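**Student:** Counting in my numbering, the sequence shown runs from 3 upward without gaps. All C-beta atoms, glycine included, are put in the ideal place defined by N, C-alpha and C. These figures come from a predicted structure and were not determined experimentally. Before I ask anything, let me first share the structure, which is written out below as structure tokens.
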Amino acid sequence: MKRSARTLSRALLAALWLAAAPAVGEEPRSLVPRMEPPSSTAPAPPAPISVAPLASPDIAAAGLAAVPGWNPDFSRSDPKRLVAMLDRLPTALPSEALATRLAARIAAPWAGAGGGVALLAARVRALLRLGAAREAAALALLGETGGQMNPELRLLAAEAFATAGEVERACAVAEPLEATDTAVVALDFACALLHGQAPRATLALELARERGILPPASFSTFAEAALSGSPLPVELAEDGTRAARLLLLATHPLALTATLPASAPPALLRAVARNPEVPVEVRLDAGERAAILGQFTISEWRSMASTLADVATASDGRSPSARAHLLRALAGEGVALARAALLARAVTAVAAGSERVRWLEALSVDAEALPVDRSLLFAESGILPPLLARGLFERARAWLELAATTPDETRSDRERARLPATLALAGLSPFPASGDRPSVQRALLHALADGLGIAIDADAWTALLVAEMPGDPRPPPSVGLWHAASDAASSGRRGEAVLAAFALLAPAVEAAQPQALAHALTVLRQAGEDELARLLAVAVALALRL
Numbered sequence: 003m004k005r006s007a008r009t010l011s012r013a014l015l016a017a018l019w020l021a022a023a024p025a026v027g028e029e030p031r032s033l034v035p036r037m038e039p040p041s042s043t044a045p046a047p048p049a050p051i052s053v054a055p056l057a058s059p060d061i062a063a064a065g066l067a068a069v070p071g072w073n074p075d076f077s078r079s080d081p082k083r084l085v086a087m088l089d090r091l092p093t094a095l096p097s098e099a100l101a102t103r104l105a106a107r108i109a110a111p112w113a114g115a116g117g118g119v120a121l122l123a124a125r126v127r128a129l130l131r132l133g134a135a136r137e138a139a140a141l142a143l144l145g146e147t148g149g150q151m152n153p154e155l156r157l158l159a160a161e162a163f164a165t166a167g168e169v170e171r172a173c174a175v176a177e178p179l180e181a182t183d184t185a186v187v188a189l190d191f192a193c194a195l196l197h198g199q200a201p202r203a204t205l206a207l208e209l210a211r212e213r214g215i216l217p218p219a220s221f222s223t224f225a226e227a228a229l230s231g232s233p234l235p236v237e238l239a240e241d242g243t244r245a246a247r248l249l250l251l252a253t254h255p256l257a258l259t260a261t262l263p264a265s266a267p268p269a270l271l272r273a274v275a276r277n278p279e280v281p282v283e284v285r286l287d288a289g290e291r292a293a294i295l296g297q298f299t300i301s302e303w304r305s306m307a308s309t310l311a312d313v314a315t316a317s318d319g320r321s322p323s324a325r326a327h328l329l330r331a332l333a334g335e336g337v338a339l340a341r342a343a344l345l346a347r348a349v350t351a352v353a354a355g356s357e358r359v360r361w362l363e364a365l366s367v368d369a370e371a372l373p374v375d376r377s378l379l380f381a382e383s384g385i386l387p388p389l390l391a392r393g394l395f396e397r398a399r400a401w402l403e404l405a406a407t408t409p410d411e412t413r414s415d416r417e418r419a420r421l422p423a424t425l426a427l428a429g430l431s432p433f434p435a436s437g438d439r440p441s442v443q444r445a446l447l448h449a450l451a452d453g454l455g456i457a458i459d460a461d462a463w464t465a466l467l468v469a470e471m472p473g474d475p476r477p478p479p480s481v482g483l484w485h486a487a488s489d490a491a492s493s494g495r496r497g498e499a500v501l502a503a504f505a506l507l508a509p510a511v512e513a514a515q516p517q518a519l520a521h522a523l524t525v526l527r528q529a530g531e532d533e534l535a536r537l538l539a540v541a542v543a544l545a546l547r548l
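Listed below in structure tokens is the structure:
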């Protein structure tokens with residue numbers, strides 16, 4: 003009995019052993035469950051949603067080229083790569099809202115970017131070009147350690163403070179600089195003059211000449227006028243003396259004509275608006291124009307600047323306070339949305355003393371309580387374009403819905419809108435049908451739509467990419483930047499992806515090739531910058547009147 007029990011036990015053990023034995027090619031198993039040690043790391047975040055490239059590599063490669071100034075062999079960790087992108091950013095963007103959004107990305111902290119002074123200076127220069135003076139100054143001051151600061155960063159900080167109108171801070175940050183170039187000499191001169199030290203200002207110029215540092219002839223004339231108390235010419239020059247000129251233009255008498263130039267840049271307008279020596283109506287004109295400039299595309303502003311200047315400086319006996327009230331009404335959101343058409347009406351209304359002035363003022367307070375004039379809504383000089391340019395897509399949608407409920411509005415009017423492509427890119431209407439003939443306009447429209455993920459005819463898009471566009475001067479995209487942008491987006495380097503996307507569109511966003519626009523939008527969306535991508539597409543469509 004004992005022997006049979008032992009035999010049975012052995013048989014059971016053998017059966018269990020056979021059951022646990024691994025099959026051929028199988029890992030050995032254990033009868034005892036293996037306990038894994040608890041993980042000390044957090045679970046990995048979900049992978050980002052990928053966006054497929056919009057053009058096949060073969061099609062895209064046909065339009066790529068090696069562009070001087072960009073080295074395609076930059077390694078991913080080379081700070082020169084980012085500096086090259088920053089220096090290659092377009093100098094002007096088609097809307098202020100787009101420039102502001104890009105400036106915010108450049109000014110944001112860049113964890114682990116490295117690069118030291120060179121990268122920091124490149125970021126500051128890019129912010130200054132985009133008009134973000136205060137952000138540029140704050141970023142430049144990050145280079146100060148232990149009271150010491152790189153001369154290049156110090157000079158850039160001084161220019162940023164001068165652009166922002168902070169005279170004392172501009173002079174204070176520039177004071178330790180040695181007079182070794184024109185920019186420092188000009189700043190030294192301006193700051194001495196602003197502090198009532200004319201002899202020191204004169205001496206600064208004389209010492210510079212003895213050292214062989216010769217300021218540009220235009221600045222010498224500018225400085226002589228400042229020393230003698232004569233009115234200064236209202237101009238900015240890109241000759242290294244920009245910061246000094248801004249400081250003096252904001253404080254000294256100016257040689258003004260009846261109106262400021264329509265092409266005056268915002269920095270110059272703000273300097274004139276701060277100048278206590280300038281007549282109040284001109285200061286109001288400059289200040290309101292500088293404010294309104296941020297609400298429209300650059301091309302739109304140029305076309306309406308003269309109209310606004312006429313409103314601001316018309317010699318019709320209006321008091322400065324009455325003129326200021328009108329200008330503030332024009333600069334208010336609701337009135338500014340109506341742009342050229344409303345401005346023209348305002349000029350007529352002021353002269354005639356009609357009820358339109360009160361209508362315009364009411365529009366800035368409660369636009370939805372008023373009937374919608376279809377010509378002011380759909381025309382290129384109407385309400386929708388500035389809303390779209392500023393990225394206020396929901397407000398644009400509200401205007402469209404309001405127009406649809408207006409008694410005299412019909413579907414045919416909606417269909418005759420002059421902004422079908424832009425409305426589609428903003429997600430407010432279906433994508434419009436395209437024509438039969440290949441053209442740059444059709445290619446750009448398809449590129450913008452495809453870059454935003456809007457459904458289009460893939461065969462038509464491919465045909466447009468390979469079609470020859472006679473007389474098209476658009477430069478080919480850089481092959482190095484093309485791949486750098488893709489690499490940055492797919493690797494999660496968000497800041498670099500944004501830079502590469504915009505650098506790919508240099509020297510002007512509106513003049514970029516269709517495949518470059520499509521790729522830039524794709525990269526932005528891959529990097530999680532969907533809002534920036536849509537704003538870019540709409541701004542380009544408005545600027546090109548697609």
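Please tell me whether ALA499 and LEU91 are closer than 8 Å, where the distance is taken between their beta carbons.
**Tutor:** no
**Student:** I think ALA172 touches LEU229, with their Cβ atoms under 8 Å apart; what is that distance to the nearest whole Å?
**Tutor:** Between LEU229 and ALA172 the Cβ distance is about 20 Å, and since that is not below 8 Å, they are no contact.
**Student:** Check whether the Cβ atoms of LEU256 and LEU234 lie closer than 8 Å to each other.
**Tutor:** yes
**Student:** Please specify which runs of the alpha helix (DSSP H), each continuous and at least 4 residues long, are wholly inside the region 234-283, giving them in chain order.
**Tutor:** 244-251, 268-276
**Student:** Using a threshold of 8 Å, state whether the C-beta atoms of ALA124 and ASP80 are closer than that.
**Tutor:** no
**Student:** Counting only runs that start and end within the region 186-234, where is the alpha helix (DSSP H) found for 4 or more residues in a row?
**Tutor:** 200-212, 219-230
**Student:** Go ahead and pull the three-state DSSP assignment for SER492.
**Tutor:** Annotated three-state conformation of SER492 is helix, per DSSP.
**Student:** Within the continuous alpha helix (DSSP H) that includes VAL442, where are the two ends?
**Tutor:** Where VAL442 is concerned, the enclosing alpha helix (DSSP H) stretches over 442-453.
**Student:** Let me know if GLU137 comes out buried or exposed under the rule of 16 or more other beta-carbons within 10 Å of its beta-carbon.
**Tutor:** buried
**Student:** Does the distance from the C-beta atom of ALA110 to that of LEU189 stay below 8 Å?
**Tutor:** At the C-beta level, ALA110 and LEU189 stay beyond 8 Å of one another.
**Student:** Should LEU209 go down as buried or exposed, given a rule of 16 or more other Cβ atoms within 10 Å for buried?
**Tutor:** exposed
**Student:** Roughly how many angstroms separate the alpha carbons of ALA307 and LEU427, rounded to a whole number?
**Tutor:** Low local confidence applies: a pLDDT of 41 at ALA307 is under 50, so the model's placement there is unreliable, with the coordinate-based value given in what follows. Looking at the two C-alpha atoms, the distance is approximately 28 Å.
**Student:** Relative to the C-alpha of ALA541, which candidate in LEU447, GLY231, LEU258 has its C-alpha closest?
**Tutor:** LEU447
**Student:** Going by the DSSP bridge assignment, what does SER150 pair with across the sheet?
**Tutor:** Position check: residue 150 holds Gln in this sequence, whereas Ser was assumed. Its beta-bridge partners are THR147.
**Student:** Pull the bridge partners of SER431 from the DSSP assignment, please.
**Tutor:** Per DSSP, none; premise fails for SER431.
**Student:** Nearest-angstrom Cα distance between ALA400 and GLU533?
**Tutor:** 19 Å
**Student:** Within a Cβ cutoff of 8 Å, which residues of the same chain sit near GLY118, ignoring the five residues on either side of it in sequence?
**Tutor:** PRO81
**Student:** Starting from the C-beta of ALA514, find all residues in its chain whose C-beta is less than 7 Å away, skip the five residues before and the five after it, and write them out in chain order.
**Tutor:** ARG476, LEU507
**Student:** Just to check my reading of the structure: VAL236 and LEU270 have Cβ atoms closer than 8 Å, yes? What is that Cβ distance to the nearest angstrom?
**Tutor:** 7 Å
**Student:** How would you write the range of the alpha helix (DSSP H) that ILE108 sits in, first residue to last?
**Tutor:** 98-109
**Student:** By DSSP, does LEU526 sit in helix, in strand, or in coil?
**Tutor:** It is helical.
**Student:** Roughly how many angstroms lie between the CA atoms of LEU394 and ALA106, to the nearest whole one?
**Tutor:** 18 Å
**Student:** Could you check the C-alpha separation between THR243 and LEU132 for me, to the nearest Å?
**Tutor:** 18 Å
**Student:** How many angstroms separate the CA atom of LEU483 from the CA atom of ALA128?
**Tutor:** 18 Å
**Student:** Following the continuous alpha helix (DSSP H) through LEU88, name the residue where it begins and the one where it ends.
**Tutor:** 81-90
**Student:** What is the DSSP secondary structure of PRO387, counted as helix, strand or coil?
**Tutor:** Helix, per DSSP.
**Student:** Sort LEU207, ALA239, LEU122 by Cα distance to SER220 and report the nearest one.
**Tutor:** ALA239
**Student:** Let me know if ASP452 comes out buried or exposed under the rule of 16 or more other beta-carbons within 10 Å of its beta-carbon.
**Tutor:** buried
**Student:** SER366: buried (16+ other C-beta within 10 angstroms of its C-beta) or exposed?
**Tutor:** Because the pLDDT at SER366 is just 39, under 50, the model does not fix this residue reliably, and the value given afterwards should be weighed accordingly. By the 10 Å Cβ count, SER366 comes out buried.
**Student:** Excluding the five sequence neighbours on either side, which residues of its own chain have a C-beta within less than 7 Å of the C-beta of LEU100, listed in chain order?
**Tutor:** LEU537, LEU538, ALA541
**Student:** Verify whether the separation of the beta carbon atoms of ALA206 and ALA181 is less than 8 Å.
**Tutor:** yes
**Student:** Do LEU95 and VAL511 come within 8 Å of each other at the CB atom, strictly closer than that value?
**Tutor:** yes
**Student:** What's the C-alpha gap between LEU157 and THR184?
**Tutor:** 11 Å
**Student:** Quick one: what does DSSP say GLN517 is sitting in, helix, strand or coil?
**Tutor:** helix
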